[in-house]
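Last residue of the sequence shown: 441 in UniProt numbering, with the numbers rising by one and none dropped. All remarks here apply to the structure that follows.
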Amino acid sequence: MSKAIHQALRASWWLASRPRGPRCRDLGLSNAGLENRVFYRSAHSRATEYLQMHDPDLTDSQRTVREAVAKICSDFPDEYWAKQEESKKFPTQLYDALAKDGWLGICMPSKYGGSELGISEAAIMMQTISESGGGMTAASSVHMNIFGLEPVVKFGSEEQREKYLVPLIAGKERACFGVTEPNTGLDTLRLQTRAVRDGDDYLVTGSKIWISTAQNAQKILLLARTTPLEEVTKPSQGLSLFYTDLDPKVVEITEIPKMGRAAVDTNMLFYNDWRIPASDRIGAENEGFKMIMHGMNAERILIGAEALGLGYAALRRAAVYAGERTVFGRSIGKNQAIQHPLADSWMQLEAARLMIYQAAKMYDQGYQAGEYANAGKYLAAEAAFRACERAVMCHGGMGYAKEYHVERYLREVFIPRLAPVSREMICNYIGERVLGLPKSY
Ligand SMILES: Cc1cc2nc3c(=O)[nH]c(=O)nc-3n(C[C@H](O)[C@H](O)[C@H](O)COP(=O)(O)OP(=O)(O)OC[C@H]3O[C@@H](n4cnc5c(N)ncnc54)[C@H](O)[C@@H]3O)c2cc1C
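Right under this line is the structure:
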């Protein structure tokens, strides 16, 4: 566990062992101080100035994570994110700041430099990063580090874990996630990348699409078919997982121009007879799908938390603007047509938050969390979308100006609605798994 996180958690234990009282007072923030801050907020304030610390359902370690991560993020205000977006530059400064204090290994085993905290703490971390105004750009820059390498933790050999996890947690290597393919999309089991054994290597041919951070990553977690579909009894068989070098001299990496999150690249990948050492295969051959599924629920929880953060950031800006903007001689926030949709968004975000944190708790305690992880991600992304849209609308024309940042939030909030799994596929999942209805596709 990193020294910084260890110290923060020790402080949290000390707080927990004291007689209970309002937590914000323990953290040196009086309730009155918090209220005053909300009262005096200005339209250009940093989102992190209003992060609540006194939420009663946060555990002490969650509260500590939120406070420490918010502190780091307060050095990266909205203006920083607007600049990164405009220059299309990867936010290495935030990445390095989080790596320096050990946050990239929040869920990773302490043996390799991680902190071994749960998804409950990681969700708080990702919500806080996004909520600081960094949105999906900030969250996506570190997302893969947080839980993406779970298959390596669970199924890798000791040698692989040492080799791959240590530099990832230290922030020395970045990884990307290579699953989606242009011809098969959500029908992952039919992906067409073929890996054929050739001595001590595999020769890998095919393509991937939408691979985030591939321009900046040194490594890729890649899912490929090792046994043809015709030769397996179930399509989930015959896929293998590799964690290997991503060398742009071997793999053609072409950035996809996209709607938002310009600072964090997304790419098409083409490869032909790409030689991947067999020693880079994770776990048994043909068992890759099971391994990649392992981290899927956790990923949905984290994406849902990131969406929540963006929704709260938008809502906060909307409330500030509605309170300050005067038209027809009074604040626009006095109009119920402005005020009620914002109140409704707060309720939707809070309801989604409760479900996301319920899913995280279930995951950490070893319960099946599929339904809650999927539903939480769905609800959080939809609530965040509505909050972002309403934030733009309540700013009037200024909602369309980059200066107020809400247009950037709105462009980014489509990501958690679309990925890593669509709304429709979540409904399919709930229909089948929860309601027991027949498979519809
Ligand atoms: C910004 C961004 C970053 C991404 N990063 C990564 C990454 O790093 N790594 C990675 O592997 N992937 C990544 N993705 C890919 C993402 O996970 C996919 O876009 C997503 O899974 C949807 O796949 P698709 O785009 O091929 O949609 P398609 O499979 O083509 O589906 C299109 C539409 O049809 C609907 N549909 C399809 N089948 C059904 C059905 N049976 N029932 C109901 N509706 C259906 C879908 O819900 C969707 O609305 C990223 C995507 C985006 C936008």
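The beta-carbon is built from N, C-alpha and C at its ideal position, and this holds for glycine as well.
Distance check for residue j and residue i, CA to CA, integer angstroms please.
{"i": "A175", "j": "M293", "result": "18 Å"}
{"i": "G185", "j": "G329", "result": "53 Å"}
{"i": "L302", "j": "M126", "result": "7 Å"}
{"i": "G171", "j": "D200", "result": "30 Å"}
{"i": "L308", "j": "Y164", "result": "31 Å"}
{"i": "I253", "j": "Q215", "result": "7 Å"}
{"i": "A318", "j": "E324", "result": "10 Å"}
{"i": "Y409", "j": "I332", "result": "21 Å"}
{"i": "R316", "j": "R300", "result": "24 Å"}
{"i": "Y243", "j": "N335", "result": "55 Å"}
{"i": "Q237", "j": "A352", "result": "35 Å"}
{"i": "Q358", "j": "C427", "result": "19 Å"}
{"i": "K89", "j": "D265", "result": "9 Å"}
{"i": "D75", "j": "D344", "result": "31 Å"}
{"i": "Q348", "j": "A278", "result": "48 Å"}
{"i": "S212", "j": "F414", "result": "15 Å"}
{"i": "residue 470", "j": "D280", "result": "Because the chain in this structure spans residues 1 to 441, residue 470 falls outside the shown range and cannot be described."}
{"i": "K100", "j": "L94", "result": "10 Å"}
{"i": "I119", "j": "I129", "result": "15 Å"}
{"i": "A381", "j": "V392", "result": "17 Å"}
{"i": "M425", "j": "G366", "result": "24 Å"}
{"i": "E306", "j": "G431", "result": "25 Å"}
{"i": "L189", "j": "N286", "result": "12 Å"}
{"i": "M398", "j": "K258", "result": "23 Å"}
{"i": "Q339", "j": "E131", "result": "21 Å"}
Helix, strand or coil for residue i per DSSP?
{"i": "S74", "result": "coil"}
{"i": "L241", "result": "strand"}
{"i": "T137", "result": "helix"}
{"i": "M268", "result": "strand"}
{"i": "T254", "result": "strand"}
{"i": "A99", "result": "helix"}
{"i": "C176", "result": "strand"}
{"i": "Y202", "result": "strand"}
{"i": "L58", "result": "coil"}
{"i": "V153", "result": "helix"}
{"i": "I129", "result": "helix"}
{"i": "E35", "result": "Reliability fails at E35, whose pLDDT of 37 lies under 50, so the model's placement of it is uncertain and the value that follows must be treated cautiously. Correct three-state label for E35: helix."}
{"i": "A263", "result": "coil"}
{"i": "L117", "result": "coil"}
{"i": "A195", "result": "strand"}
{"i": "L222", "result": "strand"}
{"i": "K208", "result": "strand"}
{"i": "A167", "result": "Correcting the residue type first, residue 167 is Pro in the shown sequence and not Ala. In the structure shown, P167 sits in a helix (DSSP, three-state: H, G or I)."}
{"i": "A47", "result": "Confidence at A47 is low in this model, with a pLDDT of 47, below 50, so its placement is unreliable and no value can be given for it."}
{"i": "V425", "result": "Sequence inspection shows Met at residue 425; the Val mentioned does not correspond to that position. It is helical."}
{"i": "H143", "result": "helix"}
{"i": "L104", "result": "helix"}
{"i": "L186", "result": "coil"}
{"i": "D247", "result": "coil"}
{"i": "K439", "result": "coil"}
{"i": "F414", "result": "helix"}
Quick one, which of the options has its alpha-carbon nearest residue i's?
{"i": "E85", "options": "R261, N216, G370 and I338", "result": "R261"}
{"i": "residue 442", "options": "D280, E403, G304 and P91", "result": "With the chain running from 1 to 441 in the structure shown, residue 442 is simply not present."}
{"i": "G304", "options": "Y429, E67, P416 and Y164", "result": "P416"}
{"i": "C73", "options": "S87, W103 and G366", "result": "W103"}
{"i": "P228", "options": "P248, L191, N428 and V251", "result": "L191"}
{"i": "K154", "options": "G295, Y357, V196 and P257", "result": "G295"}
{"i": "R411", "options": "N267, A314 and S132", "result": "A314"}
{"i": "D57", "options": "L94, E121, V264 and I256", "result": "E121"}
{"i": "V179", "options": "E158, G156, A224 and L149", "result": "A224"}
{"i": "P182", "options": "S157, K290, E159 and I256", "result": "I256"}
{"i": "S207", "options": "R197, L222, D198 and L239", "result": "L222"}
{"i": "G113", "options": "A375, E162 and T188", "result": "E162"}
{"i": "A263", "options": "W346, G105 and A82", "result": "A82"}
{"i": "K402", "options": "V69, Y80, S110 and S61", "result": "Y80"}
{"i": "G133", "options": "G105, L168 and V69", "result": "V69"}
{"i": "N374", "options": "L342, R423 and I106", "result": "R423"}
{"i": "L342", "options": "I169, E230 and A387", "result": "A387"}
Check whether the Cβ atoms of residue i and residue j lie closer than 7 Å to each other.
{"i": "E350", "j": "V434", "result": "no"}
{"i": "A384", "j": "G311", "result": "yes"}
{"i": "Y363", "j": "A369", "result": "yes"}
{"i": "F147", "j": "A298", "result": "yes"}
{"i": "I209", "j": "M268", "result": "yes"}
{"i": "I276", "j": "V204", "result": "yes"}
{"i": "A123", "j": "A360", "result": "yes"}
{"i": "I220", "j": "L246", "result": "yes"}
{"i": "D78", "j": "H405", "result": "yes"}
{"i": "V152", "j": "I282", "result": "yes"}
{"i": "Y400", "j": "E389", "result": "no"}
| request: Jot down the residue ranges of each uninterrupted alpha helix (DSSP H) in the segment 273-345, minimum 4 residues, whole runs only, in chain order. | output: 288-294 and 296-324
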